[in-house]
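Per the numbering used here: the sequence shown = residues 627 to 1433.
Below you'll find the structure, written out as structure tokens, and then a few comments.
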Amino acid sequence: MFKYALKLNIRQLSRHKALMGIQVAGLVVGFTTLLLAAYYLSYETGFDKFHKEGDRLYRLLLVEEGDGAVVTSPNLYPALETVLEEEYPQLESVAKVMYSPGGGGILTSFANDERQVLRDDINAISLAPDFFDIFSLPIRQGDISRLSEPFTAMISSTLAQEIYGHTDVVGKEFTEDDGHSYQIVGVFDPWEQQSHFAFELIKSYESIGARHGVDFHQNSWSWARMKFYIKLAAGVKEEKVSEALKTALSKFNPITSVGDSQYIQIQNVKDIYLYSDFNNNGWLQKANSRLLAVAVVAVIILIVSWVNAINISVALALEKIRAQGIQKTLGLSSTQLFLQRAIGHLFIHTIAVLMALTCFQLLKPWLNELAQIPSSFRFDFSTLSLLLLLWIVGLLMITLSSSMLVSRVSIGNALKDKLSQQVTSAGLVSKGLGTFQLIISLSFLLAVSVVWKQTRHLELTDRGIATENILVVKGPRAFDYESFSERPDIIKAEWMNIPGVLKVASSYAIPGSHISTYGIRPVGQPEHSNVPIAEHQVDHNFLSLYGHELLAGRFFSKDYPADDHGVVLTASAISFLFPELPFETVLGRKITSPEEEYQRTIIGIVADYHQLGPGEPYLPTAFVLDSESRGFYSIAYQTQDLSILEASIKSRFNELFKGNVYHSFYLSDYYDQLFARETRAIELLGLLTVVALILSVSGICSVLLLSLQHRLKELSIRKVLGASRTQLYAVVSKTHFWQLVLAVLLIVPVTYWYLSQWLNQYAVRIDISWLDILQPIVFTACLLLLAIYFTISKTLSANPSEVLNKE
627 MFKYALKLNI
637 RQLSRHKALM
647 GIQVAGLVVG
657 FTTLLLAAYY
667 LSYETGFDKF
677 HKEGDRLYRL
687 LLVEEGDGAV
697 VTSPNLYPAL
707 ETVLEEEYPQ
717 LESVAKVMYS
727 PGGGGILTSF
737 ANDERQVLRD
747 DINAISLAPD
757 FFDIFSLPIR
767 QGDISRLSEP
777 FTAMISSTLA
787 QEIYGHTDVV
797 GKEFTEDDGH
807 SYQIVGVFDP
817 WEQQSHFAFE
827 LIKSYESIGA
837 RHGVDFHQNS
847 WSWARMKFYI
857 KLAAGVKEEK
867 VSEALKTALS
877 KFNPITSVGD
887 SQYIQIQNVK
897 DIYLYSDFNN
907 NGWLQKANSR
917 LLAVAVVAVI
927 ILIVSWVNAI
937 NISVALALEK
947 IRAQGIQKTL
957 GLSSTQLFLQ
967 RAIGHLFIHT
977 IAVLMALTCF
987 QLLKPWLNEL
997 AQIPSSFRFD
1007 FSTLSLLLLL
1017 WIVGLLMITL
1027 SSSMLVSRVS
1037 IGNALKDKLS
1047 QQVTSAGLVS
1057 KGLGTFQLII
1067 SLSFLLAVSV
1077 VWKQTRHLEL
1087 TDRGIATENI
1097 LVVKGPRAFD
1107 YESFSERPDI
1117 IKAEWMNIPG
1127 VLKVASSYAI
1137 PGSHISTYGI
1147 RPVGQPEHSN
1157 VPIAEHQVDH
1167 NFLSLYGHEL
1177 LAGRFFSKDY
1187 PADDHGVVLT
1197 ASAISFLFPE
1207 LPFETVLGRK
1217 ITSPEEEYQR
1227 TIIGIVADYH
1237 QLGPGEPYLP
1247 TAFVLDSESR
1257 GFYSIAYQTQ
1267 DLSILEASIK
1277 SRFNELFKGN
1287 VYHSFYLSDY
1297 YDQLFARETR
1307 AIELLGLLTV
1317 VALILSVSGI
1327 CSVLLLSLQH
1337 RLKELSIRKV
1347 LGASRTQLYA
1357 VVSKTHFWQL
1367 VLAVLLIVPV
1377 TYWYLSQWLN
1387 QYAVRIDISW
1397 LDILQPIVFT
1407 ACLLLLAIYF
1417 TISKTLSANP
1427 SEVLNKE
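Shown next, in the form of structure tokens:
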């Protein structure tokens, strides 16, 4: 039975090479797209799912509310640990950590047997042994209890191998740029699976206090810098713990940055990567939108490929209905005929899946590079099970669709080719599925055109500051602090002597980077009047170098020594602090922090600018003067030979700051990285749209090719009666024209509403015009009509007398 059915389908494949090729190609594209999307989604949604008892592991979040402002942060007060351990029996374990991704700017010196190795890019975490009561970590050597001592550390096996060439490093030491040395007391293997925080170096938590000779890292209710992780007691519900912790801060009244209300929320560790950023960079709503878009598009493309396969299988089933009628008269049962069709579809599906797996393996390196997925990542079992289930669903859908139509044909009608009812039913199904394909294609085209236009709009939006022709150099970590404080401008003066350098400024943040936010209010106002303002520490040249627009007052100047206690605010900061007051009346007023430790006089107001990219809201900012700021040096230049300029800048840096690692980049490149995700998303979405459009049009054309065989007599008679080629083309195209009209009426309102909602998440957005809607419609119509023309041109060229003689 299997061998006979296989032969029949191979014959049909050879007889209809083009149609079967379209069917197989469509399934290959659908399965390949699904595999790539599943691979990407499996990685993105798989963070921190490997932890033992992960359903009981949570991170704490601090939520501050006031005057309509809500600030959510994973940073909490060190003193909270004692409260949680003593007053909340619902918690089995509590651990606080300080995480420094990329080294936190700390310069670390390792001495191996041959040379000294300087690194300032190591992901480090400070923790106590209680961390291992919550998270398990493979320990190769050493004793984790030693992490209760100050200036002890554990190093990952990969970092040890990289620096020392081996992992037998217990007892060795490394030194940080503040002069403190740490003894390596253990070696651990890093987690193989993806996690929201990856670290190569563990430093003891007690080292934080020992470095400064204080205990604020244990009992402070104002220094909110620690991340807290908890493990719920067995059987305790998340909702009860969440409700109980909301009052954990009430009797301690920590100083708030925003308003006068703050409370604790909990977040499962599995949700951290997708729903928030570990370093308080804000909720990643757009990341979730992108993942959802990828999933939806991949599934839709698979469905479109199924629709193509269903259309072609139904048409081919009707073509060979007479042969199946003969088989029935010879004694074949309906079950045997169904199995015959199922074997044929299984054969086609197997070929498609094998080809899709090959395409997936070829495209996986490209996707790894695009999405920054480690090459070692593999599918998990649940994802593979889901893919297998979808493959079975598709096979059953395609097999049943043709079988249900054919099963209603009696033997007599099959032998006489009396299939008018079945042809009508098949035609209706084909039209419905064709309309669905056009709906999908139109929605994709509309989405891509609007997303592309919005991204281009963001790229071209005036950023409010200069970003071109600026080289940024990361500041030094190891140097003589006393000498530097006496002459903080020495490196700037050296660089100013280089031909092509126009101006040099220093700061602790640059455009595109995140700035720490504090609660600020006018002097004399109560604490609940605090509003979140970003504090940007800059030198005298920073505002002028970046071309900030001065609206009132002045910039910082060395002619005014009191500027050390001055502040320049952005327009949005003024609107928060002094609503409805004219700018001129605000100058000279004072603002203060929650502790009233610092009071600053407003000396200037500048226009708002896009610190975090045009897609984000304006960031209310307070520029404060710090002539010794050295986090970043911004160098404005004008030269034709950038290689000579940068070599001179690097040379001066290495001469003045020996023992440091030189890092530089062009600000325009750094700032443009803010659009990198959006750009990649558009490229991927655009590619998928082209795939969906080609699948839809090819599917419609393949069904049209088969349907023309049933209409040859009708078209030939029309031709004999004087119908022109254009009239015949119009007759054939009319159905598809109305399909397109119906698709437009169904999808445009829905797509318009969805895209409008999507655009609302951007501070700077475009308005969707009728031209934006009309262009994809016209493009689809032209492509569809052109494809139909080439599909039927050969048929319409046939000699009508030959066709009628055959009939």
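All C-beta atoms, glycine included, are put in the ideal place defined by N, C-alpha and C.
| query | result |
| --- | --- |
| If we call anything under 8 Å between Cβ atoms a contact, is A705 one with Y855? | no |
| For the region 956-1013, which segments carrying the beta strand (DSSP E) assignment without a break, of at least 3 residues, lie completely within its bounds, in sequence order? | none |
| Check the C-beta distance from I1217 over to R1147 and give it rounded, since I have them as a contact under 8 Å. | 7 Å |
| Beta-carbon separation of Y1235 and I1091 under 8 Å? | yes |
| Which of the three DSSP states, helix, strand or coil, is assigned to T778? | strand |
| Under a Cβ-count criterion, where at least 16 other Cβ atoms within 10 Å of its own Cβ denotes burial, should V1376 be classed as buried or exposed? | exposed |
| Select from I770, L1203, G656 the residue whose C-alpha is nearest the C-alpha of C985. | G656 |
| Under a CB-based cut-off of 8 Å, is R851 close to chain B? | Among the chains of the structure shown, chain B does not appear; only one protein chain is present. |
| So does the region 1347-1367 actually touch the region 1410-1419, counting three or more Cβ pairs closer than 8 Å? | yes |
| What does DSSP give as the partner residue(s) for R1147 in the beta ladder? | T1218 |
| In the DSSP assignment, find the alpha helix (DSSP H) that holds K1184 and state where it starts and stops. | Here K1184 belongs to no alpha helix (DSSP H), and DSSP marks it neither H nor E. |
| Out of A1233, E865, Q809, S1027, state which residue places its alpha-carbon closest to the alpha-carbon of N894. | E865 |
| For the 8 Å Cβ check, are there 3 or more pairs between the region 713-727 and the region 846-855? | yes |
| Among L1097, S1011, D804, L972, which one has its Cα closest to the Cα of L1026? | L972 |
| On the CB-based measure, 16 or more other CB atoms within 10 Å of its CB, does S1382 come out buried or exposed? | exposed |
| Taking all protein chains shown into account, decide if G970 is buried (16 or more other Cβ within 10 angstroms of its Cβ) or exposed. | buried |
| Looking at C-alpha atoms only, which residue of L1409, G672, L1410 is the closest neighbour of F1007? | G672 |
| Would you check if there are 3 or more beta carbon pairs closer than 8 Å linking the region 1059-1074 to the region 1130-1145? | no |
| Using 10 angstroms around the beta-carbon of I1270, count the other beta-carbons present and answer buried if the total reaches 16, otherwise exposed. | exposed |
| Go to L1195, then tell me how far its beta strand (DSSP E) extends in each direction, as first and last residue. | 1192-1196 |
| Just reading off the alpha helix (DSSP H) that F1436 is part of, what are its end residues? | Outside the shown range of the chain, which is 627 to 1433, sits residue 1436, and nothing can be said about it. |
| If distances are taken between C-alpha atoms only, which option among L1293, P755, Q1264, K1276 comes closest to K1286? | Strictly speaking, residue 1286 in this sequence is Asn, with Lys absent from that position. The option with the nearest alpha carbon to N1286 is K1276. |
| Give me the Cα-Cα distance between S846 and T734, rounded to the nearest whole angstrom. | 27 Å |
| At which residues does the beta strand (DSSP E) containing L858 begin and terminate? | 853-858 |
| When you measure from the CB of V720 to every non-hydrogen atom of the ligand ZN, does any distance come out below 7 Å? | Among the ligands in the structure shown, none appear at all, so the ligand ZN cannot be discussed. |
| I need the DSSP call for H1154, collapsed to helix, strand or coil. | helix |
| Thinking just about the alpha-carbon of each residue, which of Y899, D897, S876, I898 is nearest to the one in Q888? | S876 |
| Does DSSP put N894 in a helix, a strand or coil? | strand |
| So S1260 packs on L1372, CB below 8 Å; how close in whole Å? | Contact flag wrong, Cβ pair sits at about 53 Å. |
| Please list, in chain order, all residues of the same chain as N749 whose beta carbon is under 6 Å from its beta carbon, the five residues on each side excluded. | P727, A824, F825, E826 |
| So which of A968, S1002, N1156, L686 has the shortest CA-CA distance to V696? | N1156 |
| Can you grab the Cα-Cα spacing for the pair Y1296 / G1239, in whole Å? | 11 Å |
| With a 10 Å radius around its C-beta and 16 neighbouring C-beta atoms as the bar for buried, classify S1075 as buried or exposed. | buried |
| Can you list, in chain order, the residues of its chain with a C-beta nearer than 6 Å to that of I1117? Leave out the 5 residues immediately preceding and following it. | L1282 |
| Let me check one thing: in DSSP terms, what residues is T698 bridge-paired to? | V689 |
| In chain order, what residues of the same chain lie with their CB nearer than 7 Å to the CB of V1199, ignoring the 5 residues before and after it? | For the sequence presented, residue 1199 should be read as Ala rather than Val. Contacts found: I1159, P1246, T1247, A1248. |
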